[in-house]
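Shown next, in C-alpha cells, is the structure this report addresses.
There are 2 protein chains.
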Amino acid sequence: MTTPLPIIAGTRMALQIAERLREEIVSAAILPGQALSETDYATLYGVSRQPVREAFIRLAADGLLEVLPQRGTFVKKVSIKTVADARFVREAVEAAIVVEACQRATPADIAMLKQIIDSQTELLELESSKSASADEVMNRAMATGFLALDEAFHRALAKVAKRETAWAFVDRLKVQMDRVRYLSYQEATPAERLVAQHATIVEAIAQRDVALASADMHIHLAEVVGALPKLRERMPDMFED
Amino acid sequence: MTTPLPIIAGTRMALQIAERLREEIVSAAILPGQALSETDYATLYGVSRQPVREAFIRLAADGLLEVLPQRGTFVKKVSIKTVADARFVREAVEAAIVVEACQRATPADIAMLKQIIDSQTELLELESSKSASADEVMNRAMATGFLALDEAFHRALAKVAKRETAWAFVDRLKVQMDRVRYLSYQEATPAERLVAQHATIVEAIAQRDVALASADMHIHLAEVVGALPKLRERMPDMFED
DNA sequence: TTTTGGCTTCTTGTATACTAGCATACAAGC
DNA sequence: GCTTGTATGCTAGTATACAAGAAGCCAAAA
Numbered sequence: 001m002t003t004p005l006p007i008i009a010g011t012r013m014a015l016q017i018a019e020r021l022r023e024e025i026v027s028a029a030i031l032p033g034q035a036l037s038e039t040d041y042a043t044l045y046g047v048s049r050q051p052v053r054e055a056f057i058r059l060a061a062d063g064l065l066e067v068l069p070q071r072g073t074f075v076k077k078v079s080i081k082t083v084a085d086a087r088f089v090r091e092a093v094e095a096a097i098v099v100e101a102c103q104r105a106t107p108a109d110i111a112m113l114k115q116i117i118d119s120q121t122e123l124l125e126l127e128s129s130k131s132a133s134a135d136e137v138m139n140r141a142m143a144t145g146f147l148a149l150d151e152a153f154h155r156a157l158a159k160v161a162k163r164e165t166a167w168a169f170v171d172r173l174k175v176q177m178d179r180v181r182y183l184s185y186q187e188a189t190p191a192e193r194l195v196a197q198h199a200t201i202v203e204a205i206a207q208r209d210v211a212l213a214s215a216d217m218h219i220h221l222a223e224v225v226g227a228l229p230k231l232r233e234r235m236p237d238m239f240e241d
Numbered sequence: 001m002t003t004p005l006p007i008i009a010g011t012r013m014a015l016q017i018a019e020r021l022r023e024e025i026v027s028a029a030i031l032p033g034q035a036l037s038e039t040d041y042a043t044l045y046g047v048s049r050q051p052v053r054e055a056f057i058r059l060a061a062d063g064l065l066e067v068l069p070q071r072g073t074f075v076k077k078v079s080i081k082t083v084a085d086a087r088f089v090r091e092a093v094e095a096a097i098v099v100e101a102c103q104r105a106t107p108a109d110i111a112m113l114k115q116i117i118d119s120q121t122e123l124l125e126l127e128s129s130k131s132a133s134a135d136e137v138m139n140r141a142m143a144t145g146f147l148a149l150d151e152a153f154h155r156a157l158a159k160v161a162k163r164e165t166a167w168a169f170v171d172r173l174k175v176q177m178d179r180v181r182y183l184s185y186q187e188a189t190p191a192e193r194l195v196a197q198h199a200t201i202v203e204a205i206a207q208r209d210v211a212l213a214s215a216d217m218h219i220h221l222a223e224v225v226g227a228l229p230k231l232r233e234r235m236p237d238m239f240e241d
C-alpha cells in the first residue's frame, strides 16, 4: 500500500491493476497473509471499487488472493502442498518439452539458448562484483533480473519444442513457485548452479540425448523445493497447512 | 439462452452463474462463436449485470470466453493448438501420476478403482440396451454420464497418488479437451474402448508395473485428439486458427 | 469476573446510472 | 454506382449507492 500510481487512466484499468498486483504479490512486495481492501486500493489508484474488485477476482482465480465474503480479501499464504504439486506438474511438462526440443532444435535454436545463458552469466558476474555492497534493494533487483532471465530460458525452450501454448498453462502455476523463490532468495540454490544446469540441458539437447536432457530437467526443477523447509522455519507466518 | 433459472438468489450469484455457464459451454449446449450479452443473461437470471460480468471474467480466465471491449463477449472457438497442447500437458502429468500411483496404491485403492470401472461398464450396458431409441436427448445424457464417470476415474487416480492439487491444475485445462469430446461424441473413440484402457491401467498399477502403466496412460489420452480432424470437417465454424 | 447482548464499523455483494467505443445502416455527396 | 459522413443502437467499462453479513468493542447483567 505504499506504491505510487503509474496507472494509465481510461483503458482497462482492471487489467493494469491486476498485472501490477500480481507482480507485487509474486515478488513478495506484498506479503502472504496481508489484508487488501477494495476501497483502499480504489482510492490509491484513483478509480472506483469495481476495477479493483475485478482485478481481485482474476488474482483469486490464480490462487494468489483469497476473497472471504463480508470479511475481507487476503494474500494467500504459501501452501507447501500447492508448491510441491506445482513443481510436480511443471517437472512432468518441462521434461516432456525438452524431449521434443531434442527432436526439433535447429542450430539457430541452440545458439539462441546459449545466448540466453550467456546473459545469465553476465548478470551473475555483475552481481558478484557488486556483492560487497549487499544492500536489500540491490539484492531484490538482482533477484528480479535473474528470475526474468530464468523465465526467458524456459520459455525459449518451450518455443523450440513448439509448445508455447503448453508453456502458457505452466506459466499460470509457476507463480506459486516464483513466490517461494522471491521469499527465499537467501537460502535458495545459488544462481550460478542453476545457470550451470541450464548449460547442461542445452548441451544434452545439442547432442540429441533425450534421456539425459530429460533427467537434467528433473534435477534442475527439483532444486526449488529444497529451500522450503528452511524458509518455513525462518518465516512461519507466511505458510499455511 | 433458452434456459430456465434454477439459480439460488442471494448468495454469490456470480459463482453460480459462472459454474452454470461453464457447464453449458463445455457440454456444447452453448456453441463456440456464440455471442453472449451481459444484459441478456442478467435479465435471464433475474440479476443485475455485475454478477454476470464477474462470471464472464472467470470464464474468460479459463479460456472459455473472449471479452472484446465495446464489442461483445463470445464463446471461444476451439483451437486445435490449444486442445493439442492441453492433451500434451495432461498426458505428461497423468503419466507421472500413474507412476506414483503404482508406488503408493493399497489393495483398497485398487478395489476402489475397479469399482469405478464397474460403474462405467454398467452404464455402457444400459446404453447399448436402449440404443434402439437413439434420440438426441438420450445420447447427450449418456455422454454426460459417461464423462462424469471418466472424470471420477482420473480424479481417483490422482487421489491414490496423493496428487489432488496437481489434478486441480490439470482440471482447469481439461475443459479444453472435454469440449471436443462433447462436440464429437459421434466420431469419438467408443466408450467401451476407453473403459478397457482404464482396466488395463489399473491392472498395471496392481502389478506395480510402472513402465506399462505409464505407457498405457499415454495411449489412453492420445485417443481424444484422434477425433479432431473429422470433427473439424463436420463443423468448421466451431474452430479457429 | 464472566458472559451476553447490542451497537458500531468494517468488509464484500449487488443494483443502477452513466461513459465511451465499435458496428451497422443509411443518406448525402461525388 | 461508389465513397464517405453521420446517426443510431448496440457493447463493455466505470462510478456511485445501497444491502447484507462478520467482527470487535463495550457496557450491562449474572
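Residue numbers (our numbering), protein chains in the order written: chain R, 1 to 241; chain A, 1 to 241. Backbone N, C-alpha and C define an ideal beta-carbon position, used for all residues, glycine too.
With a cut-off of 8 Å on Cβ pairs, the stretch 47 to 60 of chain A is in contact with the stretch 12 to 28 of chain A, counting three or more such pairs. Between the alpha carbons of glutamate 38 of chain R and arginine 49 of chain R lies a distance of about 6 Å. Contact check for arginine 90 of chain R against lysine 174 of chain R passes: the beta carbons are separated by less than 8 Å.
Among the CB atoms of chain R, one or more fall inside 8 Å of the CB of arginine 12 of chain A.
Straight-line measurement puts the Cα of arginine 208 of chain R at about 29 Å from the Cα of glycine 226 of chain R. Around the beta carbon of methionine 177 of chain A, 16 or more other beta carbons sit within 10 angstroms, so the residue counts as buried. Residue range 191 to 206 is occupied by the alpha helix (DSSP H) that includes glutamate 192 of chain A, with no beta strand (DSSP E) assigned at that position.
Note that the C-beta distance between alanine 84 of chain A and leucine 183 of chain A is not below 8 Å. The C-alpha of alanine 35 of chain A is placed about 16 Å away from the C-alpha of threonine 43 of chain A. In this structure, alanine 161 of chain R and isoleucine 97 of chain R form a Cβ contact; the two beta carbons are roughly 5 Å apart against a cut-off of 8 Å. By the neighbour-count criterion, in which a residue is buried when 16 or more other Cβ atoms sit within 10 angstroms of its Cβ, valine 180 of chain R is buried. Under the 8 Å criterion on CB atoms, proline 51 of chain A is classed as non-interfacial with respect to chain R. For the stretch 78 to 112 of chain A, the beta-carbon criterion of a distance under 9 Å to any beta-carbon of chain R is satisfied by Ser79, Lys81, Thr82, Ala84, Asp85, Ala86, Phe88, Val89, Glu91, Ala92, Val93, Glu94, Ala95, Ala96, Ile97 and Glu100. For the options R/Gln103, R/Val67, R/Pro236 and R/Ala60, the alpha carbon positioned closest to that of alanine 158 of chain R is the one of R/Gln103. Going by DSSP, glutamate 66 of chain A is part of the beta strand (DSSP E) stretching over 65 to 68. Interface criterion not met: the Cβ of alanine 42 of chain R is under 8 Å from no Cβ in chain A.
Nearest Cα to alanine 196 of chain R within the set R/Leu113, R/Glu23, R/Pro32 and R/Thr106: R/Leu113. Residue pairing by DSSP places serine 37 of chain A in no beta bridge whatsoever. Looking at R/Phe169, R/Glu164 and R/Thr165, the one whose alpha-carbon comes closest to that of alanine 166 of chain A is R/Phe169. Under a 10 Å Cβ-count criterion, lysine 76 of chain A is classified as buried, with 16 or more other Cβ atoms of the shown protein chains found around its own Cβ.
The continuous beta strand (DSSP E) containing valine 75 of chain R extends over residues 72 to 75.
Under the DSSP assignment, isoleucine 30 of chain A falls outside any alpha helix (DSSP H); it carries neither an H nor an E label. The three-state secondary structure of glutamate 94 of chain A, taken from DSSP, is helix. Interface criterion not met: the Cβ of leucine 147 of chain A is under 8 Å from no Cβ in chain R. With a threshold of 16 other beta carbon atoms within 10 Å, isoleucine 205 of chain R meets it and is buried.
Taking a Cβ-Cβ cut-off of 9 Å, threonine 144 of chain R has no neighbours in chain A, whose nearest Cβ is about 25 Å from it. Shown here, glutamate 187 of chain A sits in coil according to DSSP, grouped into three states, outside any helix or strand. Glutamate 240 of chain A is bridged by DSSP to A/Ser79.
Excluding sequence positions up to five before and after valine 210 of chain R, its CB lies within less than 7 Å of the CB of Val99 and Cys102, all in the same chain and listed in chain order. Here alanine 92 of chain R is buried: its Cβ has 16 or more other Cβ atoms, across all protein chains shown, within 10 Å.
Spanning the alpha carbons of alanine 86 of chain A and alanine 215 of chain R requires a straight line of approximately 23 Å. Between alanine 188 of chain R and leucine 221 of chain A, the alpha-carbon positions lie close to 37 Å from each other. With a threshold of 8 Å between beta carbons, glutamate 136 of chain A makes no contact with chain R. Against chain A, the CB of proline 32 of chain R has no partner CB under 8 Å away; the residue lies outside that interface.
For the stretch 157 to 172 of chain R, residues whose beta-carbon sits nearer than 7 Å to a beta-carbon of chain A comprise Arg163, Thr165, Ala166 and Phe169. The CB of alanine 61 of chain A comes closer than 7 Å to the CB of Arg58 and Ala61 in chain R, given here in chain order.
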